[in-house]
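Protein sequence lines, in the order shown, are assigned to chains F and S.
Residues 1 to 220 in my numbering are what the first sequence spells out, letter by letter.
Residues 1 to 263 in my numbering are what the second sequence spells out, letter by letter.
Backbone N, C-alpha and C fix where the C-beta goes; we use that ideal spot for every residue, glycine too.
Below: one structure, written as structure tokens.
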Amino acid sequence: MDWQALTLSLKLAVATAALLLPFGIVVARTLAWRRFPGRRMLEAALALPLVLPPTVLGYYLLSAFGMRSPLGRGFDALVGHPLAFSFAGLLAASVIFNLPFAVQPMQRAFEAIPADVRPAAACCGMSPWRIFSDIELPLAWPGVLSSLVLTFAHTLGEFGVVLMVGGNIPGETRTIAVAIYDRVQAFDTDAAGVMAAVLLGLSLAAIAIAYSTARGPARG
Amino acid sequence: MFHRIRRLLVLAAAFALAATARAADVPNVAAASDLQFALPEIAAAFARATGREVRLSFGSSGNFRRQIGDGAPFELFLSADAGYVDVLARDGRTEGDGVVYAIGRLALFVPNGSPIEPDATLQDVARALQDGRLVKFAIANPEHAPYGRAAREALMRAGLWQAIGPKLVLGENVSQAAQFTASGAAQAGLVPDSLARAPALAARGRFVVVPASMHAPLVQKMVLLRGAGSTARAFYDFLRQPAAAAIFDRYGFEAPPAASAVR
């Protein structure tokens, strides 16, 4: 059992979910209620990681993060190490490939809020911020929660992108999914089996949470 | 509601910061997959002797050569050939030209229950190809794995390369090729001797070392990468000590010719 890889995966999953929470809320709310030119295109672009092969995403990210790109060189000049093959690079990749998992459930949740609720609240003299925090967010909370859970679980399981931009460095970019692959190659099937079971359990728990929230108070 | 979210955010930010902070001088070492079993033993001996640790990553040499070219944070690279090290040295990615640390040997590995007899010149593989006993044959990808290249040369030398083409399964590196074979998914495979004789594999089949004359020598070179710290340097030196040589020898590696040991 590679505890270091499990810890790294958990850190990556928590950080990804935390970064996508505010971003996802803003984007999901905008997509749910605003009509603007290019909205369909934006929705399609955000859903792209659902269907794109991880290697395609990995290839583009590696090109973008590497020392041959302005982004990669800029990051290197700023921080002193390249974005590719680092935890920061993994986090950036993770945020991108989780966009649809974060945005879509939140968007559905905000869409489900009746259109006249907000004007009614405004009539009562509530500020936009209070309407958001006291009315919208509690109503959309099950969707937001399932976004977070899905993002978390999906990050734990992602393999292709991580292998391509991460490079399998212990303690830095070797996530639990990559560690399983690594242990199988080292003929250490016992460790691979234990880690696979841990991931199976975590994924099952995450899906159970996501389903129970989706069927919970939101429908009521 | 908002306190909950804010607390979550602060927690996550702290996590992210902690994760990006780098550990002390524990260098990342990129090593060819044929060292999968020998190198951890050498690293353990190094830790016992010096109290210092290294972090090992295994993969195909060609893949590491590309990742190091892209700036991957490795301090020492143990390649399964000399070419990739020379290219990195020419590109100014290394400190010095590196040194040969071992000569690798190729083995024909046949899993338990396979209908194929292991022989050094691949004669039964040739017969099995004719009579249909051979369904899948595993090698590492010759495009970026030196042992895959050696396997291709050996198959060419045996006159089997054309005929065996449709039966080949390519491992992304030698460990995967060995995995394909040891699991019985392939009836035979050409893998490093250093993997074939490791207990984890040896228990799962039989193997025979392929004559060195059947492929270009697998001259395995290692090199310190630019910015290598003192632990990486100490490990680099340790790899040329008798203690390390004994472990390399036990895993079937041949000692480098004396002349090339001069850096």
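Check                                                                                                            : Outcome
Status (buried if at least 16 other CB within 10 Å, exposed otherwise) for S:Pro256                              : buried
Nearest candidate by alpha-carbon position, reference F:Ala44, set F:Val103, F:Glu172, F:Arg174, F:Thr175        : F:Val103
7 Å Cβ cut-off: residues of chain F touching S:Gln176                                                            : Gln185
Cβ shell of S:Trp161 (< 7 Å), same chain only, five flanking positions each side left out                        : Arg152, Leu155
Candidates F:Leu10, F:Ile25, F:Val14, of which the one nearest F:Pro142 by Cα                                    : F:Ile25
is_contact[F:Met67, chain S] using C-beta, thresh 8 Å                                                            : yes
Residue environment, S:Arg197, which counts as buried when at least 16 other CB atoms sit within 10 Å            : buried
Within chain S, the residues that F:Ala76 reaches when beta carbons sit closer than 8 Å                          : For the sequence presented, residue 76 of chain F should be read as Asp rather than Ala. What F:Asp76 touches in chain S: Gly71.
Continuous beta strand (DSSP E) stretch holding S:Tyr268: start and end                                          : With chain S covering only 1 through 263, there is no way to say anything about residue 268 of chain S.
Buried/exposed call for S:Asn112, threshold 16 Cβ in 10 Å                                                        : exposed
Inter-residue CB distance, S:Val209 and S:Ala120 (contact presumed, cutoff 8 Å)                                  : 7 Å
Local Cβ density within 10 Å of F:Val221, reported as buried at 16 or more and exposed below that                : Outside the displayed range of chain F (1 to 220) lies residue 221 of chain F, so it cannot be described from this structure.
Contact belief for S:Ile266 with S:Ile42 at Cβ below 8 Å, rounded distance in angstroms                          : Residue coverage of chain S in this structure runs from 1 to 263, which leaves residue 266 of chain S outside it and unanswerable.
Closest by C-alpha distance to S:Ala150, when choosing among S:Pro115, S:Arg105, S:Glu254                        : S:Arg105
Per DSSP, cross-strand counterpart(s) of S:Leu76                                                                 : S:Val29, S:Leu224
Contained beta strand (DSSP E) runs [length at least 3] in the region 103–154 of chain S, N- to C-terminal order : 106–111, 137–140
Below-8 Å beta-carbon distance, F:Pro70 vs any chain S residue                                                   : no
Distance cut-off 7 Å: S:Leu134 Cβ against heavy atoms of the ligand FMN                                          : Among the components of this structure there are no ligands whatsoever, and the ligand FMN is therefore not found.
Interfacial residues, the region 187–206 of chain S to chain F, with Cβ spacing under 7 Å                        : Ala200, Leu201
Own chain residues within Cβ distance below 8 Å of F:Leu163, not counting five before or after                   : Gly58, Val178, Tyr181
Residue of F:Ala28, F:Leu12, F:Ala197 minimising C-alpha distance to F:Ala140                                    : F:Ala28
Chain F residues whose Cβ lies nearer than 8 Å to that of S:Leu28                                                : According to the sequence provided, residue 28 of chain S is Asn. The question's Leu does not apply to it. Under the 8 Å cutoff, chain F gives Ile169, Pro170, Glu172.
Under the three-state DSSP convention, the category S:Val54 falls into                                           : coil
Interface flag, F:Ala208 vs chain S, CB-CB below 8 Å                                                             : no
Counted within 10 angstroms of its Cβ, other Cβ atoms place F:Thr161 as buried (16 or more) or exposed           : Residue identity check: residue 161 of chain F is Val in the sequence provided, not Thr. Buried, since its Cβ has 16 or more Cβ neighbours within 10 Å.
Segments assigned beta strand (DSSP E), at least 3 residues, entirely inside the region 104–189 of chain F       : none
Contacting residues, own chain, Cβ-Cβ under 7 Å from S:Pro40 (five flanking each side not counted)               : Leu56
Contact residues within the region 80–96 of chain F, judged by C-beta distance below 8 Å to chain S              : His81, Pro82, Ala84, Phe85, Ser86, Phe87, Ala88, Leu91
Residues from the region 45–68 of chain S in contact with chain F, defined by Cβ distance under 8 Å              : Arg55, Leu56, Ser57, Phe58, Gly59, Gln67
Length at least 4, wholly inside the region 181–252 of chain S: the alpha helix (DSSP H) runs in chain order     : 193–196, 199–202, 230–238, 242–250
First through last residue of the beta strand (DSSP E) which encompasses S:Gly171                                : 168–171
Proximity below 8 Å, CB of F:Pro100 to CB of F:Leu46                                                             : yes
Exposure of S:Val350, with buried meaning 16 or more beta-carbon neighbours within 10 Å                          : Because chain S in this structure spans residues 1 to 263, residue 350 of chain S falls outside the shown range and cannot be described.
S:Asp70, buried or exposed, once every other Cβ within 10 Å from all chains shown has been counted against 16    : buried
C-alpha distance - S:Arg263 paired with S:Ala245, whole-angstrom precision                                       : The predicted model places S:Arg263 with a pLDDT of 43, which falls under 50 and marks its position as unreliable; any figure quoted below should be read in that light. The alpha-carbon atoms of S:Arg263 and S:Ala245 are separated by roughly 17 Å.
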